[in-house]
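Asks: Be aware that the sequence shown starts at 112, since it is given in our numbering, and climbs by one per residue.
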Amino acid sequence: MTGMGKIFIVIGVVFIVIGLIWNLFGRLPGDFTFKKGSVTVYFPIMTSIIASIVLTLIFYLIGRMR
């Protein structure tokens, strides 16, 4: 198996784990929801921060493998 194939497998497993964790916890404490009448606005601030950290780690590890 080539190096690129292994990277795609690892990324796929990471996304599966993230999806399972996300389903268990749902919305995180730092995510804000505002409701007024029939309008709902959702700001996923904490989810965005965690996604940014995870993606940074993935790209860092990919960069170190080269």
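Note that the Cβ used here is the ideal one computed from N, Cα and C, for glycine as well. Since the model is a prediction, treat every value here as computed from it, not as a measurement.
Is there contact between the segment 136–146 and the segment 156–163, where contact requires at least three CB pairs shorter than 8 Å?
Replies: yes
Asks: In terms of residue numbering, what span does the beta strand (DSSP E) encompassing Thr144 cover?
Replies: Counting from one through the sequence shown, the residue named residue 144 turns up at place 33. In this chain, the beta strand (DSSP E) harbouring Thr144 covers 143–147.
Asks: Whole angstroms is fine: what's the gap from Ile173's alpha carbon to Val128's?
Replies: Translated into the one-based positions of the sequence shown, residue 173 becomes position 62. Translated into the one-based positions of the sequence shown, residue 128 becomes position 17. So the two alpha carbons sit approximately 18 Å from each other.
Asks: Determine whether the Cβ of Ile122 lies closer than 9 Å to any Cβ atom of chain C.
Replies: The chain labelled as chain C is not found in the depicted structure, where only one protein chain is given.
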